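Per my numbering, the sequence shown starts with residue 102, numbered consecutively. Where a beta carbon is used, it is the ideal one built from N, C-alpha and C, also for glycine. For clarity, every value in this text was computed on a predicted model and none was experimentally measured.
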Amino acid sequence: MGYSEEEDKAINYVLKLLPKNFEIKTDNIGNLIAMYNEDPSAKKVLLGIHLDTIPFSGKYSSSLPMIVAVGSINKLLEKDFYPKKTVGLIIFRATSPNRFSRGCIGSRGAVGELNERDLYLSDKDGVLLQDEIIKRSLGLSSSFPTFFKDDIYTFLELESDFSGILSEKSIPICMVKNQQGPVILKLSIVGKIQYTCCTPSNLIKNPLNAFTKILDLLYKMMKENKLFGGVYEINMEPKVMGVFPTRINFNLDLRSPDLKLRSELLNNLKDMINKISEEESCQIDILSQTSHSPHIFSDKLIEISKKIFLKNNIKPITIDTGILSNARWMSLVSQETGMFLLRYKKGNSPKKEEINENDIILSIDVVSEILKERVSL
């Protein structure tokens, strides 16, 4: 988890793997920045990773990008190679939202997109984000000065592939074209009490039916438009045998790289929700709605990467993803951004003995060549 002792230990471990001549810095919220050949006037080419994990992602979900990132940098700098640009690694704090219910805390802070209100985010035990930062003596400042100020030429993020697409296609690494921006609705469905033991099927009209219809509608939209999304944090009441739920609260998540399309689908969804409400004799309320912009990665960087993939006998594919992206925030201070997903067995955590070492070697070769191309300009 972000700002945990485990995250502290993991960061210290990575430091030992980096070349000795790297300059190590920590910004005021705890991101670690390791730089080689740092010149204040030079643009930077940076890799970005995080060491906390998303829920149920498994033991190695953050280890794999870390190994590839460190391996790529070490490979780049072997044989007395001297880059024209500053090359470095950022380890972001608290990328996963599983502790403070806010994702990408580290990258938001790195570009000045956190505010004082964010300091008062708390975890399930009531521990404040502010307290965890101060405890580590990270020089907390209420003004959150931006560490990076438009001086990054290339930012590349490495992440494990949780979707299983790369396992299905037997490809070790791929490029991401779009990060689909989510719109999230918090919904409440309330209806009358009905009993499973005696209500004829033709008379069943209740929140469970309404919920099922909304779910079917959402998944149809996602399938037809090749989008990500789903429902989560589902709570049904009452939890009594023989009684249909009379209240269902849940979050609905619809993601798209196209804001116009997302808006059209959302309006259609809301219209259909109103119809479902009438059909099932339920009251359906949208309690809140939050939206986030999509992020489109650099076409030029994708084209360069394709050539390097082919050179290494890897089929170049580009996919969309809906996962949290530090690159989205780093794009505010970067000339170009890219994201690479690494094959992760069945999209979940592999057993240690099942990690594919050839995948790791190939991924290191690819990423180091891309770094070399960008730092040599």
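- V434 places its beta carbon 8 Å or farther from that of D262.
- It is roughly 25 Å from the alpha-carbon of D153 to the alpha-carbon of I272.
- Just so you know, the alpha carbons of P395 and C299 end up roughly 48 Å apart.
- In summary, K324 is exposed, with fewer than 16 beta-carbon neighbours lying within 10 Å of its beta-carbon over all protein chains present.
- Where K361 is concerned, the enclosing alpha helix (DSSP H) starts and stops at L360 to E380.
- Exposure of K416 is indicated by the presence of fewer than 16 other C-beta atoms within 10 angstroms of its C-beta.
- The residues I315 and I385, in chain order, have a CB closer than 7 Å to that of I374 in the same chain once the five nearest residues on each side in sequence are set aside.
- The shortest C-alpha to C-alpha distance from S357 to any of L116, I420 and N413 is the one to I420.
- Bridge partners of M323 according to DSSP: none are assigned.
- Under the three-state reduction of DSSP, A135 is assigned to strand.
- For C275, the closest of F410, E108 and D128 by C-alpha to C-alpha distance is F410.
- In the DSSP annotation of this structure, E474 is not part of any beta strand (DSSP E); the continuous alpha helix (DSSP H) holding it starts and ends at E458 to V476.
- In terms of Cα proximity to E338, the closest of N350, I150, I155 and G331 is N350.
- A distance below 8 Å separates the beta carbons of T297 and F345.
- Of the other Cβ atoms in all chains shown, fewer than 16 fall within 10 Å of the Cβ of S382; this residue is therefore exposed.
- The DSSP-derived three-state label of P166 is helix.
- One Cα belongs to V468, the other to E233, and the distance between them is close to 34 Å.
- The continuous alpha helix (DSSP H) containing G210 extends over residues I206 to A211.
- If one requires a minimum length of 3 residues, the beta strand (DSSP E) runs lying completely within the region 389 to 434 are 419 to 422, in chain order.
- Y104 sits in coil when the DSSP states are folded into three classes, being neither helix nor strand.
- For S426, the CB contacts under 7 Å within the same chain, skipping 5 residues up- and downstream, are E258, Q280, H396 and M440 in chain order.
- Ranking A135, L119, L118 and P120 by CA distance to the CA of K126 puts A135 first.
- Judged by DSSP secondary structure, Q231 falls within the alpha helix (DSSP H) whose first and last residues are L230 to K236.
- Distance from the CA of N368 to the CA of W430, rounded to the nearest whole angstrom, comes to 28 Å.
- For L267, the enclosing alpha helix (DSSP H) stretches over residues I266 to K270.
- Taken through DSSP and simplified to helix, strand or coil, T187 comes out as strand.
- Looking at the DSSP output, C299 bridges to nothing.
- One Cα belongs to L178, the other to K473, and the distance between them is close to 9 Å.
- The Cβ neighbour count for V341, taken over all protein chains shown within 10 Å, is under 16; the residue is labelled exposed.
- According to the DSSP assignment, F351 belongs to the beta strand (DSSP E) that extends over R348 to S357.
- Contact annotation: T187 and D140 have beta-carbon atoms nearer than 8 Å.
- Within the same chain, F256, F398, S399, A428, M431 and S432 come within 7 Å of T438 by CB-CB distance, once the 5 residues on both sides are set aside.
- Between L318 and L370, the C-beta spacing is below 8 Å.
- Within the same chain, and ignoring the five residues on either side of L388 in sequence, the residues whose Cβ sits closer than 6 Å to its Cβ are K287 and S289.
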